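Number of protein chains: 2
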Amino acid sequence: MRSVSVLGIGETKMGRWPEKSLRDLIKEAGTKAIQDAGIEKESIQALYMSNFNASYLAYQAHMGPLASEVLGLGNIPTIRIEGACASGSLAFRQGMMAVASGMYDIVLVGGAEKMTHRNTEEVTTGIASAMDFELEAKVGITFPSIFAMIANRYFYEYRNVREEMALCAVNAHHNGSLNPDAQMQKEITVEKVKTGFPIAYPLTVFDCSLVTDGAAFLVLTTTEIAKKISKKRIIEVVGSGHAGDTITIGAKKSITGFASTQLAAKQAYEMAGMKPADIDLCEVHDCFTITQIVNIEDLGFFEKGKGGDAVAEGKIALTGSKPINTSGGLKAKGHPIGATGISQIYEIVTQLRGEAGPRQIKKADIGMNHNIGGTAATCVVNIFKGW
Amino acid sequence: MRSVSVLGIGETKMGRWPEKSLRDLIKEAGTKAIQDAGIEKESIQALYMSNFNASYLAYQAHMGPLASEVLGLGNIPTIRIEGACASGSLAFRQGMMAVASGMYDIVLVGGAEKMTHRNTEEVTTGIASAMDFELEAKVGITFPSIFAMIANRYFYEYRNVREEMALCAVNAHHNGSLNPDAQMQKEITVEKVKTGFPIAYPLTVFDCSLVTDGAAFLVLTTTEIAKKISKKRIIEVVGSGHAGDTITIGAKKSITGFASTQLAAKQAYEMAGMKPADIDLCEVHDCFTITQIVNIEDLGFFEKGKGGDAVAEGKIALTGSKPINTSGGLKAKGHPIGATGISQIYEIVTQLRGEAGPRQIKKADIGMNHNIGGTAATCVVNIFKGW
Chain U
1 MRSVSVLGIG ETKMGRWPEK SLRDLIKEAG TKAIQDAGIE KESIQALYMS
51 NFNASYLAYQ AHMGPLASEV LGLGNIPTIR IEGACASGSL AFRQGMMAVA
101 SGMYDIVLVG GAEKMTHRNT EEVTTGIASA MDFELEAKVG ITFPSIFAMI
151 ANRYFYEYRN VREEMALCAV NAHHNGSLNP DAQMQKEITV EKVKTGFPIA
201 YPLTVFDCSL VTDGAAFLVL TTTEIAKKIS KKRIIEVVGS GHAGDTITIG
251 AKKSITGFAS TQLAAKQAYE MAGMKPADID LCEVHDCFTI TQIVNIEDLG
301 FFEKGKGGDA VAEGKIALTG SKPINTSGGL KAKGHPIGAT GISQIYEIVT
351 QLRGEAGPRQ IKKADIGMNH NIGGTAATCV VNIFKGW
Chain C
1 MRSVSVLGIG ETKMGRWPEK SLRDLIKEAG TKAIQDAGIE KESIQALYMS
51 NFNASYLAYQ AHMGPLASEV LGLGNIPTIR IEGACASGSL AFRQGMMAVA
101 SGMYDIVLVG GAEKMTHRNT EEVTTGIASA MDFELEAKVG ITFPSIFAMI
151 ANRYFYEYRN VREEMALCAV NAHHNGSLNP DAQMQKEITV EKVKTGFPIA
201 YPLTVFDCSL VTDGAAFLVL TTTEIAKKIS KKRIIEVVGS GHAGDTITIG
251 AKKSITGFAS TQLAAKQAYE MAGMKPADID LCEVHDCFTI TQIVNIEDLG
301 FFEKGKGGDA VAEGKIALTG SKPINTSGGL KAKGHPIGAT GISQIYEIVT
351 QLRGEAGPRQ IKKADIGMNH NIGGTAATCV VNIFKGW
């Protein structure tokens, strides 16, 4: 297998864009990534396109050729990849494997989602398709209720981390306020999170990630080619892991530790020859604040049951020992589902290049993105190293 | 890259199954494929799952973990792949590449679609998501109208092949009547096709493929492993190609020859070191009868403009020089969209193994499947050889 690097990145500002279509979002982010890579679009050999649910939300499937036509990529092969909220990282991993295996030398990986034009009920129905429709959604279960159960179980097995969950939101909003692409640009307080509109106990509206329109793209190539043509810091993919779990929450062995995250992380660490302490920063999947606490434990950053302490001690802050979600995360940057994993990688590359402006962390040499789908039924973890 | 072979196959009977859920269809076809491969499910390392539109038709996305849970595959990585009607062959190609590259040794590739529980308007809307929603579907264009335009343009550029289009349907129904898995089990006449309920001139209802519930699965492994453990004929993947085109029909250079098919076929022939004359049989994407005529020309079996003659001369029959759609094709076996490409491969393997019963063709050593998505915006072509 050949070493793969990220040559170019591009994303839209995340938010509510009633005037922009899927085509517009794709055009903007895709064009930026190709320009950032410093290549001609004619050198792109394949497109790996991620989208979660435009089939339902925008009556649009077959996003590969749609994006290829919008970006003028001619007759290249395209494919759409979906794994719920992990779709973006799955597409990245497929594109990465295609380059690593020698199948293609330069590929484009993109993700896009348009959600805010539908009403709350429609968006809730659309998102619920990431769980088992027959056994879960059909009987009225929603994702906030699932992750509220996870929080309550965590409180029972370890300790009540209500305060620390709120601190995750505070950290996300702070970082988002320093990221021009973030949907949320305002700071928030623990008090405001805890007294927010109740969704499913203990979650309030401020414990939940956002409904977002947005797109993000990456250009991938071999590290050898990147070294020849890139004028920016080389960002190599040094580790990658992908694991699954049952789609239904009821069939899982544990809901306070995600087997898919633990396995995917193990694969990524082994491939990179690294351990959790080697990671300078991580974009973690924070669909809900409790998810972030569970994930930073499952990724091995903190002991099981001690994630809340780490948050309270400020370890996840921009100036902490393990900065988490410097972009603002799903909670404050936004969660344009099919684009989320790719936007996580956009942030890691931006930090590793030292281009993160006011939210730039001091030491940024090794970064990770962690992306789950559904009730952690899919998980992808990637590790990047700046040379 | 390592040589890859098909170790096991399984499919449901295609049809209208109101009592069977997506879970049921997946369980049936997946279990058959694993049994046919003669392996324990624990040896499967990854699942590549194809589905076109359950997000819209059945409120179910995230089909990877759904299928994995149903089949009891534990924590293996799963991914869903979509490229409209070509989804199945795209999933096959991704699974094949994963084995060829050395990433995994044994993978499961599956496809499932449930369509007949929705009414005609809903199914039409669902299928229309394979075209450009904004520029095509939204203004009232449907796939029958697109392929009717293609037929009329073909009549203008070459000659009127109305009779030969009907003969394609007659051939499909004849073959389907010999295939126990086919949705249509009755013969049909040219007269009945031509005088059928009009859909979009010149297409009648009998020129159109079916709305179908069904699933199909394959087990793939290296040819080396297959030789060690298989008790059946070794079916090696010797060629594969994948190309794209614009999603909108208006942006294509030609609509009487599909650039994506021509390019994907060229790649597959080159990889196999073969030419069209080497192919003993082909499962061709016949979403409409005119599509079959255009495709058998684009695949190089017959000269451009002469596909109709070949059909009239009986060359595509079971006893002809180039048997096409021995399974009954999309027209008579059925078109469970996400499963279609995989079911095409199921037929090729069945024929190459000599297990096709009354529809078995005499010489079946090299077979091809050809699968397009949307208005040939995606095309995958694969060539298989029996050893």
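First to last, the protein sequences are chains U and C. Residue 1 is where the first sequence starts when you use our numbering, and the numbers rise one by one after that. Residue 1 is where the second sequence starts when you use our numbering, and the numbers rise one by one after that. In this text, a Cβ means the ideal position worked out from N, Cα and C, and glycines have one as well. None of the values given here were measured: they were computed from a predicted structure.
For this session: Say whether chain U places a C-beta atom closer than 8 Å to the C-beta of residue 108 (chain C).
Result: With respect to chain U, the C-beta atom of residue 108 (chain C) has no partner C-beta closer than 8 Å.
For this session: Determine whether the Cβ of residue 151 (chain C) lies closer than 8 Å to any Cβ atom of chain U.
Result: Taking a beta-carbon distance threshold of 8 Å, residue 151 (chain C) does not count as an interface residue toward chain U.
Exercise. Does any residue of chain U bring its CB to less than 8 Å from the CB of residue 276 (chain C)?
Worked result: Chain U, which has no Cβ nearer than 8 Å to the Cβ of residue 276 (chain C), makes this no.
For this session: Go through its chain and collect everything with a Cβ distance to residue 199 (chain U)'s Cβ below 8 Å, but skip five positions before and after it.
Result: Its chain contains 144, 148, 205, 207 and 208 as the residues whose beta carbon lies nearer than 8 Å to that of residue 199 (chain U), once the 5 sequence neighbours on both sides are disregarded; these appear in chain order.
For this session: Would you decide whether residue 17 (chain U) is buried or exposed? Buried here means 16 or more other CB atoms lie within 10 Å of its CB.
Result: With 16 or more other CB atoms across the displayed protein chains lying within 10 angstroms of its CB, residue 17 (chain U) is buried.
Exercise. Considering only the beta carbon of each residue, do residue 156 (chain C) and residue 305 (chain C) sit closer than 8 Å?
Worked result: It is not a contact, given that the beta carbons lie outside the stated cut-off.
Exercise. Expressed to the nearest angstrom, what Euclidean distance is found between the alpha-carbon atoms of residue 237 (chain U) and residue 227 (chain U)?
Worked result: C-alpha of residue 237 (chain U) to C-alpha of residue 227 (chain U): approximately 14 Å in a straight line.
Problem set entry | Euclidean distance between Cα positions of residue 29 (chain U) and residue 151 (chain C) | Going by the C-alpha atoms only, they are around 38 Å apart.
Problem set entry | Under 7 Å by beta carbon: chain U residues contacting residue 259 (chain C) | Per Cβ cutoff of 7 Å: 75.
Problem set entry | Spatial distance of residue 284 (chain U) from residue 322 (chain U) (CA atoms) | Rounded to the nearest angstrom, the two C-alpha atoms are 11 Å apart.
Problem set entry | 8 Å Cβ cutoff met for residue 109 (chain U) and residue 210 (chain U) | Taking a C-beta distance under 8 Å as the contact criterion, residue 109 (chain U) and residue 210 (chain U) do not qualify as a contact pair.
Problem set entry | Cβ of residue 242 (chain C) within 8 Å of any chain U Cβ | So yes, residue 242 (chain C) belongs to the interface.
Exercise. What is the rounded straight-line gap between the Cα of residue 112 (chain U) and the Cα of residue 85 (chain U)?
Worked result: Approximately 12 Å, taken between the alpha carbons.
Exercise. Mind checking residue 312 (chain C): buried by the 16 CB within 10 Å criterion, or exposed?
Worked result: So residue 312 (chain C) ends up on the exposed side.
For this session: Would you mind listing the beta strand (DSSP E) stretches within the region 119 to 173 of chain U that are 3+ residues and don't spill past its ends, in chain order?
Result: DSSP runs (the beta strand (DSSP E)) wholly in the region 119 to 173 of chain U: none.
Problem set entry | Selection from U:106, U:339, U:365 and U:336 that minimises the alpha carbon distance to residue 350 (chain U) | For the residues U:106, U:339, U:365 and U:336, the minimum Cα distance to residue 350 (chain U) belongs to U:365.
Exercise. To the nearest angstrom, how far is it from the Cα of residue 301 (chain U) to the Cα of residue 276 (chain U)?
Worked result: Just so you know, the alpha carbons of residue 301 (chain U) and residue 276 (chain U) end up roughly 6 Å apart.
Exercise. With contact counted as at least three CB pairs below 8 Å, one residue from each stretch, are the region 185 to 198 of chain C and the region 165 to 172 of chain C in contact?
Worked result: They touch, by the three-pair rule.
Exercise. Whose CA, out of U:50, U:291 and U:107, lies closest to the CA of residue 153 (chain U)?
Worked result: Cα-wise, what sits closest to residue 153 (chain U) is U:291.
Exercise. Nearest to residue 217 (chain C) by CA position, among C:1, C:346 and C:317, is which residue?
Worked result: Out of C:1, C:346 and C:317, C:346 has the C-alpha closest to the C-alpha of residue 217 (chain C).
Exercise. Which residues of chain C have a Cβ atom closer than 7 Å to the Cβ of residue 53 (chain U), listed in chain order?
Worked result: Here the neighbours are 55 and 61.
Problem set entry | Contact with chain C by residue 137 (chain U), beta-carbon distance below 8 Å | Interface residue, yes.
For this session: Could you tell me how far apart the beta carbons of residue 93 (chain U) and residue 240 (chain U) are, in whole angstroms, since I believe they sit closer than 8 Å?
Result: About 6 Å separates the CB atoms of residue 93 (chain U) and residue 240 (chain U); that is less than 8 Å, so the two are in contact.
Exercise. Is the region 172 to 188 of chain U touching the region 131 to 143 of chain U in the sense that three or more CB pairs, one from each, lie closer than 8 Å?
Worked result: A contact between stretches requires three or more CB pairs, one per stretch, nearer than 8 Å, and the region 131 to 143 of chain U fails this requirement with the region 172 to 188 of chain U.
Exercise. Among all the DSSP beta bridges, which residues are the ones paired with residue 277 (chain U)?
Worked result: Bridge partners of residue 277 (chain U): none, in fact.
For this session: With distances taken Cα to Cα, identify the nearest neighbour of residue 125 (chain C) among U:255, U:367 and U:56.
Result: Ranked by Cα distance from residue 125 (chain C), the first of U:255, U:367 and U:56 is U:56.
Exercise. Got a sec? Which residues, its chain only, sit under 7 Å from residue 264 (chain C) by beta carbon, not counting five neighbours each side?
Worked result: Shown here for residue 264 (chain C): same chain residues with a beta carbon closer than 7 Å to its own, the five before and five after excluded, namely 241, 242, 243, 379, 380 and 381 in chain order.
Exercise. List, in order along the chain, the chain U residues whose C-beta lies closer than 8 Å to that of residue 122 (chain C)?
Worked result: Within 8 Å Cβ-Cβ: nothing; residue 122 (chain C) doesn't reach chain U, min ~11 Å.
Exercise. Which residue's Cα is closest to the Cα of residue 59 (chain C): C:38, C:114 and C:105?
Worked result: Ranking the options by Cα distance to residue 59 (chain C), first place goes to C:114.
For this session: Name the residue from U:183, U:338 and U:387 whose alpha carbon lies nearest to the alpha carbon of residue 235 (chain U).
Result: Out of U:183, U:338 and U:387, the CA that lies nearest to the CA of residue 235 (chain U) is found in U:387.
For this session: Show which residues of chain C have a CB atom less than 8 Å away from the CB atom of residue 263 (chain U).
Result: Neighbours of residue 263 (chain U) on chain C, chain order: 75.
Exercise. Are there 16 or more other CB atoms within 10 angstroms of the CB of residue 102 (chain U), so buried, or fewer, so exposed?
Worked result: Within a 10 Å sphere around the beta-carbon of residue 102 (chain U) sit fewer than 16 other beta-carbons, which makes this residue exposed.
Exercise. Among all the DSSP beta bridges, which residues are the ones paired with residue 85 (chain U)?
Worked result: According to the DSSP secondary-structure assignment, residue 85 (chain U) is paired through a beta bridge with U:83.
Problem set entry | Start-to-end residues for the beta strand (DSSP E) that takes in residue 391 (chain U) | With chain U covering 1 to 387 only, the question about residue 391 (chain U) has no answer from this structure.
Exercise. Since residue 337 (chain U) and residue 53 (chain U) are thought to touch, with beta carbons under 8 Å apart, how far apart are those beta carbons, to the nearest angstrom?
Worked result: With a Cβ gap of about 7 Å, residue 337 (chain U) and residue 53 (chain U) count as contacting.
Problem set entry | Contiguous alpha helix (DSSP H) assignments of at least 4 residues, all confined to the region 8 to 92 of chain U | Taken in chain order, the whole alpha helix (DSSP H) runs of length 4 or more contained in the region 8 to 92 of chain U are 22 to 37, 54 to 57 and 63 to 71.
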